[in-house]
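The sequence shown begins at 40 in our numbering and counts up by one.
Following: one structure in structure tokens, then a few remarks.
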Amino acid sequence: MTIQPTFPASPAPVEAQPAAEPVARVTPMMEQYLEIKAAYPGLLLFYRMGDFYELFFEDAEIASRALGIMLTKRGKHQGADIPMCGVPVERSDDYLHRLIAQGHRVAVCEQMEDPAAARARGNRSVVRRDVVRLVTPGTLTEDTLLDARANNYLLAIARLRGAAGAERLGLAWIDISTAEFIVTECAVSELAATLSRINPNEIIVADALYGDTDIGPTLREWPAVTPLTRDVFDSSTAERRLCDYFAVATMDGLSAMSRLEATAAAAAVTYIDRTQVGKRPPLSPPSREAVGTTMAIDPATRANLELTRTLGGERRGSLLDAIDCTVTSAGSRLLAQRIAAPLTDSAAIAWRLDAVAAFVADSGLRHDLRSTLRAAPDLSRALARLSLGRGGPRDLAGLRDAILAADQALAQLARMEQPPQEIAAAMAALQRPSRELAREFERALAEQLPLLKRDGGFVRQGYEPALDESRNLRDASRLVVASMQARYADDAGVKGLKIRHNNVLGYFVEVTAQHGDKLMSPPLNAIFIHRQTLAGQVRFTTSELGEIEAKIANAGDRALGLELEIFDKLCALAVEASEDLRAAAHAFASLDVATALAKRAVDDNYVRPEVDGSLCFAIEGGRHPVVEQALKRDGQSFIANACDLSPAPQQVSGQIWLITGPNMAGKSTFLRQNALIALLAQAGSFVPASRARIGVVDRLFSRVGAADDLARGRSTFMVEMVETAVILNQASERSLVILDEIGRGTATFDGLSIAWAAIEHLHEANRCRALFATHYHELTALSAKLPRLFNATVRVKEWQGNVVFLHEVLPGSADRSYGIQVAKLAGLPPSVIARAKSVLAKLEAQDRGQTARALADDLPLFAVPSRAAVEPAPSSEAEKLMEAVKALHPDEMSPREALEALYALRAKLPKD
Numbered sequence: 040m041t042i043q044p045t046f047p048a049s050p051a052p053v054e055a056q057p058a059a060e061p062v063a064r065v066t067p068m069m070e071q072y073l074e075i076k077a078a079y080p081g082l083l084l085f086y087r088m089g090d091f092y093e094l095f096f097e098d099a100e101i102a103s104r105a106l107g108i109m110l111t112k113r114g115k116h117q118g119a120d121i122p123m124c125g126v127p128v129e130r131s132d133d134y135l136h137r138l139i140a141q142g143h144r145v146a147v148c149e150q151m152e153d154p155a156a157a158r159a160r161g162n163r164s165v166v167r168r169d170v171v172r173l174v175t176p177g178t179l180t181e182d183t184l185l186d187a188r189a190n191n192y193l194l195a196i197a198r199l200r201g202a203a204g205a206e207r208l209g210l211a212w213i214d215i216s217t218a219e220f221i222v223t224e225c226a227v228s229e230l231a232a233t234l235s236r237i238n239p240n241e242i243i244v245a246d247a248l249y250g251d252t253d254i255g256p257t258l259r260e261w262p263a264v265t266p267l268t269r270d271v272f273d274s275s276t277a278e279r280r281l282c283d284y285f286a287v288a289t290m291d292g293l294s295a296m297s298r299l300e301a302t303a304a305a306a307a308v309t310y311i312d313r314t315q316v317g318k319r320p321p322l323s324p325p326s327r328e329a330v331g332t333t334m335a336i337d338p339a340t341r342a343n344l345e346l347t348r349t350l351g352g353e354r355r356g357s358l359l360d361a362i363d364c365t366v367t368s369a370g371s372r373l374l375a376q377r378i379a380a381p382l383t384d385s386a387a388i389a390w391r392l393d394a395v396a397a398f399v400a401d402s403g404l405r406h407d408l409r410s411t412l413r414a415a416p417d418l419s420r421a422l423a424r425l426s427l428g429r430g431g432p433r434d435l436a437g438l439r440d441a442i443l444a445a446d447q448a449l450a451q452l453a454r455m456e457q458p459p460q461e462i463a464a465a466m467a468a469l470q471r472p473s474r475e476l477a478r479e480f481e482r483a484l485a486e487q488l489p490l491l492k493r494d495g496g497f498v499r500q501g502y503e504p505a506l507d508e509s510r511n512l513r514d515a516s517r518l519v520v521a522s523m524q525a526r527y528a529d530d531a532g533v534k535g536l537k538i539r540h541n542n543v544l545g546y547f548v549e550v551t552a553q554h555g556d557k558l559m560s561p562p563l564n565a566i567f568i569h570r571q572t573l574a575g576q577v578r579f580t581t582s583e584l585g586e587i588e589a590k591i592a593n594a595g596d597r598a599l600g601l602e603l604e605i606f607d608k609l610c611a612l613a614v615e616a617s618e619d620l621r622a623a624a625h626a627f628a629s630l631d632v633a634t635a636l637a638k639r640a641v642d643d644n645y646v647r648p649e650v651d652g653s654l655c656f657a658i659e660g661g662r663h664p665v666v667e668q669a670l671k672r673d674g675q676s677f678i679a680n681a682c683d684l685s686p687a688p689q690q691v692s693g694q695i696w697l698i699t700g701p702n703m704a705g706k707s708t709f710l711r712q713n714a715l716i717a718l719l720a721q722a723g724s725f726v727p728a729s730r731a732r733i734g735v736v737d738r739l740f741s742r743v744g745a746a747d748d749l750a751r752g753r754s755t756f757m758v759e760m761v762e763t764a765v766i767l768n769q770a771s772e773r774s775l776v777i778l779d780e781i782g783r784g785t786a787t788f789d790g791l792s793i794a795w796a797a798i799e800h801l802h803e804a805n806r807c808r809a810l811f812a813t814h815y816h817e818l819t820a821l822s823a824k825l826p827r828l829f830n831a832t833v834r835v836k837e838w839q840g841n842v843v844f845l846h847e848v849l850p851g852s853a854d855r856s857y858g859i860q861v862a863k864l865a866g867l868p869p870s871v872i873a874r875a876k877s878v879l880a881k882l883e884a885q886d887r888g889q890t891a892r893a894l895a896d897d898l899p900l901f902a903v904p905s906r907a908a909v910e911p912a913p914s915s916e917a918e919k920l921m922e923a924v925k926a927l928h929p930d931e932m933s934p935r936e937a938l939e940a941l942y943a944l945r946a947k948l949p950k951d
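Given below as structure tokens:
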């Protein structure tokens, strides 16, 4: 779903003015609403009216359907009823969450003055209102709107066209709830994989990019994409906008970025500036992610391996769910980031593994530190809420508690004689926040804190003398009211007389109807002044009560005003210390991840992998982390298996294992577990094996299982072939590839031919480490011709006509798939099973295996085409000039860029 809102660069407060020439009679309130709504087309307008946010016209109809709330009407406009619905302010977060989840965006319009001030200007004056925030999927900060265990990224994408038509993309992604800010570049071909790794909640792009025939379809696969006007992605103003946001004079104060990355970064902060309507959340300076520093994993592989979500979209059952023992929300988010983007630098991987190993070795320290971390709040998100004016007293208490937890964690970590590098860095970060800040918060905040600052009562008694004085006056006045009630009841001789309060009448004296006449008769009518008669009660006031009411109101308002001033002062102190607090927040998260992975390693008998720069891939006793846990819950054990794809002696490249065996025997599990072990190792985790040595994997590819993609007109077999094409075109010698059942979606000999050619291509062209599972037993004959191809099979046993799966992977090849036995286990009718056996016997009599061996002897090996054979003839000068002109996009060029392009074209003209 894509919505294109219009964001005014500098929205101004709106106050209704009389229309010069009204077409029809419009109330001042509705005139104000229409003026504000016109500035924010495409967004639902939450229009504050008292204790409700009201929606009108089409917005009301949309919200009514989306939220399942009653649609009513309010007056008329141009002769038609005005549809209306509303949500309570106190529960607005719940409704916002539901609207955002359905792809809507909301403009929140608040009352900017007290209604009494509007009434003082005249009868037709309306309360001044203004939009204070635009709520979009990528700019959320409230806990009620966020998943505590996942980042909420806004991603901006900018494009740069090269002189020869080559394109590069700049990406910048920000989580304003944690202040993370990262930039990088990628090729257009890598966009889908990069998007699946970042997993943004909202993407912003230029209009032209969204409409691009090559990139547009990839973008439209994501649920929240916002096309924006070209000025947001103007590269000529990018540096100025970044410097303005971070309040620095030059880009030297920020991390080094390319111009393309700076363009994307500027677009992201501009969008944040506009959606937050001038409230700038403090962000970390942009961190540049160098190309190739993380393992490349395409979207299909992420889905097949179920890294963070299962194929059904649930977290439960994924790899992340299986290994996540973190005790903090920040730790869970960091672990998810590491699983999504494993490292390719063996030294950086070793730093992470050193930290995990230290906590594996010291169970006492691990237990104590996890207890401390469990009590630490989500520091970064509390800080973000406070900086945007959306925090409460409990967020301030969270900062205080986090600093105190830092001291406790440092005392525990001091027991380590030589902490590993990652732990030492975390200890240094925990020392940065000012302890005086925690002491100030401790002095200022009461023991019991309200959720919202407007409720008051959160400042400790004795912190501010003026506040104590106002509170005492307020509370003493209330005691006076209680005393007055007792005196009035005695004077009137009415024991049931009460002094009550509401927002309309203020304080009033209330008696039952049977006593009303008594108070309105002499001599009591000289004291009690009649105000209101209801069905069962009569209400009065007195001159004395009016005076006391004024004192109480003034004291209560003054007390709340002083508390809010103190709150703002404390927030300013927190924002001033935001850089140190964010460093401590990251330290808490990294310690949580290290201790959590150590706990998983100890609980499930994981070992530290050896990760280096070789092409080795040797796993002993490997297990599937998710399946093993599922079996353990059922009281069963997992059958471990070895896998060695390392280059054999006298060979340079890694091996390819061709795995045969029946369905249900565990081939797919074996393939996946080895891919997951490599991924865990490079994420910095111990792995489920008895020993593991892994040469760094630059790209991980998986083609396991398939489903159709009807939305894009792709059959199951087409999806399988597309995923296989990506692997054969992109896998390098350092890649790890797992392939399952290539070619099974088409005719037998077509599929066999494709699988045959794919194996040869992997062996001769890609030269990568690979696991290739198949039911085409004919392929095993290739091992005699391809020196790096190794045959393996999954062991089974037949018993009384049935098949028993032993789940052991051994050298050798299977001569049968046992498909009929598996079909029998699935419950196919006996008549179908009997007929299948008869047909199979006749087919096997043709000895297809002999044919395959003959083919292997007769066919030449796969040959990598020479460069000359695949490259077209050199283009003529005229063709080169035409190609250069076609590569130009005038609508996207600035005048300077257009002039440079014209000179470049002139330079390509043939010389006389």
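Even for Gly, the Cβ is constructed at its ideal location relative to N, Cα and C.
**Item:** Terminal residues of the beta strand (DSSP E) in which residue 75 lies
**Value:** Within the sequence shown, residue 75 is the residue found at index 36, counting from 1. No beta strand (DSSP E) contains residue 75, which is instead part of the alpha helix (DSSP H) from 67 to 77.
**Same chain, Cβ closer than 7 Å to residue 348, five either side skipped, listed in chain order** = Within the sequence shown, the letter at position 309 stands for residue 348. Hits under 7 Å: 354 and 357.
**Identified DSSP bridge partners for residue 122** = For this step, residue 122 is matched to residue 83 along the sequence shown. The partner list for residue 122 (beta bridge, DSSP) reads 112.
**Message:** If you reduce the DSSP assignment to three classes, tell me which class residue 97 lands in.
**Reply:** The count along the sequence shown starts at 1 and reaches residue 97 at position 58. Helix at residue 97.
**Request:** For the beta strand (DSSP E) holding residue 149, just list the boundary residues, first then last.
**Result:** Your numbering for residue 149 matches position 110 in the sequence shown. Per DSSP, residue 149 belongs to the beta strand (DSSP E) from 145 to 150.
**Request:** State buried or exposed for residue 109, treating a residue as buried only when at least 16 other CB atoms are found within 10 Å of its CB.
**Result:** Translated into positions along the sequence shown, residue 109 becomes position 70. Residue 109 comes out exposed.
**Prompt:** Whose C-beta lies closer than 7 Å to the C-beta of residue 152 among residues of the same chain, with five residues either side of it excluded?
**Reply:** Reading the sequence shown from its first residue, position 113 is the one you call residue 152. Closer than 7 Å at Cβ, skipping near neighbours: 166 and 167.
**Message:** Quick check on DSSP: helix, strand or coil for residue 947?
**Reply:** Here residue 947 is taken as the residue at index 908 of the sequence shown, counted from 1. Note: residue 947 maps to helix in three-state DSSP.
**Prompt:** For residue 457, which of helix, strand or coil comes out of DSSP?
**Reply:** Sequence index remark: in the sequence shown, residue 457 carries index 418 (1-based). Of the three classes helix, strand and coil, the one that applies to residue 457 here is coil, per DSSP.
**Prompt:** So what does DSSP say about residue 241, is it helix, strand or coil?
**Reply:** To locate residue 241, count along the sequence shown from 1; it is residue 202. Residue 241: strand per DSSP, three-state reduction.
**Prompt:** For residue 852, which residues from the same chain have a beta carbon less than 7 Å from its beta carbon, with the 5 sequence-adjacent residues on both sides left out?
**Reply:** Taking the sequence shown and counting its residues from 1, one reaches residue 852 at position 813. Here the set comprises 699, 816, 819, 830 and 832.
**Request:** Label residue 511 either buried or exposed according to how many other C-beta atoms from any shown protein chain fall within 10 Å of its C-beta, with 16 as the threshold for buried.
**Result:** In the sequence shown, the residue the question calls residue 511 occupies position 472. By the 10 Å Cβ count, residue 511 comes out exposed.
**Those residues which DSSP pairs with residue 569 across a bridge** = Along the sequence shown, read from residue 1 onward, the residue named residue 569 stands at position 530. Answer is 579.
**Message:** Could you check whether the stretch 791 to 810 touches the stretch 666 to 676, counting it as contact only if at least three pairs of C-beta atoms, one from each stretch, sit closer than 8 Å?
**Reply:** no
**Prompt:** In chain order, what residues of the same chain lie with their CB nearer than 7 Å to the CB of residue 927, ignoring the 5 residues before and after it?
**Reply:** Residue mapping note: residue 927 aligns to position 888 of the sequence shown, counting from 1. Contacts found: 940.
**Message:** Using a 10 Å radius around the Cβ and a threshold of 16 neighbouring Cβ atoms, would you call residue 176 buried or exposed?
**Reply:** By one-based count along the sequence shown, residue 176 stands at place 137. With 16 or more other Cβ atoms within 10 Å, it is buried.
**Item:** Beta-bridge pairing of residue 127 - partner residues as DSSP gives them
**Value:** For the purposes of this step, residue 127 is identified with residue 88 of the sequence shown, where counting begins at 1. DSSP lists 91 as partners of residue 127.
**Item:** Between the CA atoms of residue 774 and residue 944 - distance to the nearest angstrom
**Value:** In the sequence shown, counting from the first residue as 1, residue 944 sits at position 905. In the sequence shown, counting from the first residue as 1, residue 774 sits at position 735. Cα to Cα, residue 944 sits roughly 41 Å from residue 774.
**Helix, strand or coil at residue 846 according to DSSP, with G and I counted as helix** = As a position in the sequence shown, residue 846 is number 807, starting the count at 1. Three-state result, residue 846: strand.
**Request:** Could you tell me the boundaries of the alpha helix (DSSP H) in which residue 517 lies?
**Result:** For the purposes of this step, residue 517 is identified with residue 478 of the sequence shown, where counting begins at 1. That run of the alpha helix (DSSP H) goes 504 to 531.
**Asked** What residue from 123, 117 and 116 has the CA that sits closest to residue 88's CA?
**Response** Here residue 88 refers to the residue found at position 49 of the sequence shown. Checked all of 123, 117 and 116; the closest Cα to residue 88 is 123.
**Request:** Pick out whichever of 704, 483 and 401 has its Cα sitting closest to the Cα of residue 641.
**Result:** Within the sequence shown, numbered from 1, the residue matching residue 641 stands at position 602. If we check each option's Cα against that of residue 641, 401 comes out closest.
**Item:** Runs of beta strand (DSSP E) lying entirely within the stretch 265 to 351, each at least 3 residues, in chain order
**Value:** none
**Prompt:** Relative to the C-alpha of residue 323, which residue among 212, 554 and 716 is closest?
**Reply:** If you number the sequence shown from 1, residue 323 lands on position 284. Of the candidates 212, 554 and 716, the one whose C-alpha sits nearest the C-alpha of residue 323 is 212.
**Request:** For the beta strand (DSSP E) holding residue 954, just list the boundary residues, first then last.
**Result:** The structure shown does not extend to residue 954, since the chain is modelled only from 40 to 951, so the question has no answer here.
**Request:** Give the straight-line distance between the Cα atoms of residue 935 and residue 289, rounded to the nearest whole angstrom.
**Result:** For the purposes of this step, residue 935 is identified with residue 896 of the sequence shown, where counting begins at 1. For the purposes of this step, residue 289 is identified with residue 250 of the sequence shown, where counting begins at 1. So the alpha carbons of these two residues sit roughly 23 Å apart.
**Residue(s) in a DSSP beta bridge with residue 86** = Numbered from 1 along the sequence shown, position 47 holds the residue referred to as residue 86. DSSP output for residue 86 lists 93 and 148 as bridge partner(s).
**Prompt:** Which residue's Cα is closest to the Cα of residue 627: 180, 413, 272 and 170?
**Reply:** Within the sequence shown, residue 627 is the residue found at index 588, counting from 1. It is 413.
**Status (buried if at least 16 other CB within 10 Å, exposed otherwise) for residue 411** = Against the sequence shown, residue 411 aligns to sequence position 372. Burial call: buried.
**Prompt:** Using a Cβ-Cβ cut-off of 6 Å (strictly less than) and excluding sequence neighbours within five positions of residue 767, which residues of its own chain qualify?
**Reply:** Along the sequence shown, one-based indexing puts residue 767 at 728. These residues qualify, in order along the chain: 800.
**Message:** Checking 7 Å against the spacing of the C-beta atoms, do residue 770 and residue 761 come in under that value?
**Reply:** Here the question's residue 770 lines up with position 731 in the sequence shown. Here the question's residue 761 lines up with position 722 in the sequence shown. Cβ distance not < 7 Å, so residue 770 and residue 761 don't count as in contact.
**Item:** Separation of residue 263 from residue 549, as counted between CA atoms
**Value:** Here residue 549 is taken as the residue at index 510 of the sequence shown, counted from 1. Here residue 263 is taken as the residue at index 224 of the sequence shown, counted from 1. Their backbone Cα atoms lie some 56 Å apart in a straight line.
**Asked** If you drop the 5 nearest sequence neighbours on each side, which residues of the same chain put their C-beta closer than 6 Å to that of residue 442?
**Response** On the sequence shown, position 403 is the one that residue 442 refers to. So the qualifying residues of the chain are 472 and 477.
**Request:** State whether the stretch 175 to 191 contacts the stretch 371 to 381, with contact taken as three or more CB pairs (one from each stretch) at a distance under 8 Å.
**Result:** yes
**Request:** Enumerate in chain order the residues of its own chain whose CB-to-CB distance from residue 888 is below 7 Å, with the five nearest sequence positions on each side excluded.
**Result:** The sequence position of residue 888 within the sequence shown is 849, counting from 1. Legend: pLDDT at residue 888 = 49, less than 50; position of this residue unreliable, no value from coordinates given.
**Message:** So, for residue 908: in the same chain, excluding its five sequence neighbours on each side, which residues have a beta-carbon less than 8 Å away from its beta-carbon?
**Reply:** Start at 1 with the first residue of the sequence shown, and residue 908 comes out as number 869. In this predicted model, residue 908 has a pLDDT of only 45, less than 50, meaning its place in the structure is not dependable; the value taken from the coordinates is given anyway. Excluding sequence neighbours, residue 908 sits near nothing in its chain.
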